[in-house]
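Just so we're aligned: the sequence shown equals residues 560 to 675 in this note's numbering.
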Amino acid sequence: MKNTRVYKMSFASVYPLYIQKAEKKGRTKEEVDTIIFWLTGYDKQTLQQQIDNKVDFETFFAQVPQLNPNVSKITGVICGYRVEDIEEPLMKQIRYLDKLVDELAKGKAMEKILRK
560 MKNTRVYKMS FASVYPLYIQ KAEKKGRTKE EVDTIIFWLT GYDKQTLQQQ
610 IDNKVDFETF FAQVPQLNPN VSKITGVICG YRVEDIEEPL MKQIRYLDKL
660 VDELAKGKAM EKILRK
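What follows is the structure, given as structure tokens:
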């Protein structure tokens, strides 16, 4: 998977798309934020700073306060790839986020999405 172009994409430009995807399926921005907080350790203020600073995905994940220790429980296919088989760490983290938002949009319960 050599799509390093995605690493330079602004997180702020993709974040509204995550929200839009969730809202189309009756979910909320707050639920998207909860997923991001769970995955990354960001809180409302630090997430907003990342958005305001228009950081790219590479920077967004490099500055993660603490990646959730349960990320290994995130499995399945996203964008045609099995998440657990992705070797590039940054791409894996991006796909974790994609997968969680996808699960939200598909109506999965938050408890299951957050691997509780």
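Glycine included, each C-beta is placed from N, C-alpha and C at the ideal position.
Using DSSP's beta-bridge definition, name the partner residues of residue i.
i, result
"residue 615", "569"
"residue 636", "641"
Evaluate residue i with the Cβ neighbour count: other Cβ atoms within 10 Å of its Cβ, from every protein chain shown; 16 or more gives buried, anything less gives exposed.
i, result
"residue 586", "buried"
"residue 646", "exposed"
"residue 644", "exposed"
"residue 662", "buried"
"residue 636", "exposed"
"residue 604", "exposed"
"residue 654", "buried"
"residue 504", "Absent from the model: residue 504. The displayed extent of the chain is 560 to 675, so no value can be given."
Within a Cβ cutoff of 8 Å, which residues of the same chain sit near residue i, ignoring the five residues on either side of it in sequence?
i, result
"residue 600", "623, 624, 625, 626, 627"
"residue 639", "none"
Terminal residues of the continuous alpha helix (DSSP H) containing residue i?
i, result
"residue 599", "588–599"
Return the chain-ordered list of same chain residues with a C-beta closer than 7 Å to the C-beta of residue i, the five sequence neighbours on each side being excluded.
i, result
"residue 672", "594, 659, 662, 663"
"residue 560", "The predicted model places residue 560 with a pLDDT of 48, which falls under 50 and marks its position as unreliable; any figure quoted below should be read in that light. Closer than 7 Å at Cβ, skipping near neighbours: 640, 645, 647, 650."
"residue 568", "615, 616"
"residue 727", "Outside the shown range of the chain (560 to 675) lies residue 727, about which nothing can therefore be said."
"residue 580", "660, 664"
Beta strand (DSSP E) runs wholly inside the segment 641–674, at least 3 long, in chain order
none
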